[in-house]
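When we follow my numbering, the leftmost residue of the sequence shown carries the number -19, and every step to the right adds one.
As structure tokens, the structure follows; a few thoughts come after it.
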Amino acid sequence: MIIVIFRIGSQKYGLPVEFVMEVVRLPDLLALADAPPSICGLLNLRGNYLPVLHGRVLLQETLHYDINEQIIIIGQEQAEFGLLVDEVRHVIALPVSTQISLSGNKAAAFLKGVITTDYGSVLLLEPLVLQDLVPTVHA
-19 MIIVIFRIGS QKYGLPVEFV MEVVRLPDLL ALADAPPSIC GLLNLRGNYL
31 PVLHGRVLLQ ETLHYDINEQ IIIIGQEQAE FGLLVDEVRH VIALPVSTQI
81 SLSGNKAAAF LKGVITTDYG SVLLLEPLVL QDLVPTVHA
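Pasting the structure below:
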């Protein structure tokens, strides 16, 4: 399995690379009226408007914005949504056997498992569950 590792707050997280379409710097986001707190706005990605999940709100971290933050564009066939993160760190390949499942634990539904890497412990996020948290946007 190939994982994109990123940081939100002091914790490292990962997403399977097959769901990561690209990484972009934090642009101006369009405010979305009446959006849930986990949505920080809409990203205009080459004329396609995508809702952006705020990683810090989702993971109950202290809120702050930094010009160096990045947005991971997540999707399969096409870009579906963005995830605002503090920093994208690494792309690594690991055997599937290194993952410890979190299913059955009281962890958030979007936490799939944990892996130990040369960079420390990494919590794996489940992109399909994250996608369910994103409201449908028509722009």
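Cβ atoms here follow ideal geometry from the backbone N, Cα and C, with glycine treated the same way.
Can you tell me which of the options puts its alpha carbon nearest to the alpha carbon of residue i?
i        : options                      : result
Asn24    : Ala15, Pro7, Arg36, His34    : Pro7
Val(-16) : Asn28, Glu57, Leu103         : Leu103
Val114   : Ala13, Val32, Gly(-6)        : Val32
Met1     : Ile53, Gly93, Asp66, Gly100  : Ile53
Asp112   : Leu10, Pro(-4), Ile19        : Ile19
Tyr99    : Phe(-1), Asp46, Arg69        : Arg69
Glu49    : Glu(-2), Gly93, Leu9         : Leu9
Gly27    : Pro(-4), Pro16, Ala11, Ala59 : Ala59
Which first and last residues belong to the alpha helix (DSSP H) in which residue i is found?
i      : result
Arg36  : 35 to 38
Gln130 : With the chain covering -19 to 119 only, the question about residue 130 has no answer from this structure.
Between residue i and residue j, how many whole angstroms is the CB-CB distance? I'm expecting something under 8 Å.
i      : j     : result
Leu105 : Leu91 : 7 Å
Ile80  : Thr97 : 12 Å between Cβ atoms; not a contact.
Leu30  : Phe61 : 5 Å
Mark residue i as exposed unless 16 or more other C-beta atoms lie within 10 angstroms of its C-beta, in which case mark it buried.
i       : result
Gln56   : exposed
Leu38   : buried
Phe34   : Here residue 34 turns out to be His, not Phe, going by the sequence shown. Result: buried.
Gly(-6) : buried
Arg36   : buried
Tyr45   : exposed
Asp14   : exposed
Using C-beta distances below 7 Å, list every residue in its chain close to residue i, excluding the 5 sequence neighbours before and after it, in chain order.
i     : result
Glu41 : Ile(-12), Gly(-11)
What are the boundary residues of the beta strand (DSSP E) that residue i is part of?
i       : result
Pro(-4) : -9 to -4
Asn48   : Neither: Asn48 is in no beta strand (DSSP E) and is coded neither H nor E.
Leu22   : 19 to 25
For residue i, collect the residues of the same chain with a Cβ closer than 8 Å to its Cβ; drop the 5 residues on either side in sequence, then sort them by chain order.
i     : result
Ala89 : Glu106, Val109
Ile47 : Leu6
Ile95 : Ile(-17), Gly(-6), Leu74, Thr78, Gln79, Ile80, Ser101, Val102, Leu104
Pro17 : His34, Val37
Near residue i, which residues of its chain fall below 6 Å by C-beta distance, leaving aside the five closest residues on each side in sequence?
i     : result
Val4  : Ile51
Gly93 : Gln79, Ile80, Ser81, Leu82, Leu104
Gly21 : Leu9, Leu10, Ala11, Leu12, Val32
Glu67 : Arg(-13)
Ile43 : According to the sequence shown, residue 43 is Leu rather than Ile. Arg36, listed in sequence order.
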